[in-house]
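Working notes, structure below.
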Amino acid sequence: MRKRGTKNKNYSAEFKISVIMDMRKNHLGYCETVRKYGLGSTQSGGAINTLHRWERIYLEEGATGLMTERRGRKSTGRPRKKPLDKCVEEDLIAENQRLKMGIEYLKKLSALVLAEEQEKNKKQ
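Residue numbers 2 to 125, in my numbering, belong to the letters of the sequence shown in order.
Set out below in structure tokens:
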């Protein structure tokens, strides 16, 4: 078990590729490769699992697969919006202006009706 407060080692992509290439070229096993490159202890199995994961990624995706960052959660946020067509955008702007004009008309109408009602109440 790893001591509390110790950091994980971060190996470069070039190092990972060279380890995998040497392992495959010289027909080395996982334990031998771990001992040769000092990746960790062979008893815990963590270094062997890491080496196995590097090899699997190399075989599936090639050398570029080892260069991508795989730690952390992937973004599951809101998808990016697609830009609207020019005619759709113009239609939305026109509709927005019509609705604003309608709201202004209703405000003025309600103000006039309220003023008329107040005049009626004053006369009575």
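For each residue, glycine too, the CB sits at the ideal point set by N, CA and C.
- Along the length of the segment 29-57, whole beta strand (DSSP E) runs at least 3 residues long do not occur.
- DSSP places Leu107 within a helical segment (H, G or I) once states are collapsed to three.
- If you draw a 10 Å sphere on the C-beta of Lys123, you find fewer than 16 other C-beta atoms in it, and that means exposed.
- Distance check between Gln44 and each of Tyr31, Glu56, Arg54 places Tyr31 closest, using alpha-carbon atoms only.
- Counting C-beta atoms within 10 angstroms of its own C-beta, Ala112 has fewer than 16 neighbours from the protein chains shown and is therefore classed as exposed.
- In this structure the segment 45-55 does not touch the segment 73-82; the number of beta carbon pairs closer than 8 Å is below three.
- Shortest Cα-Cα distance from Thr51 to any of Asn11, Glu118, Thr65 involves Asn11.
- Counting C-beta pairs closer than 8 Å gives three or more between the segment 16-24 and the segment 54-64, which meets the contact rule.
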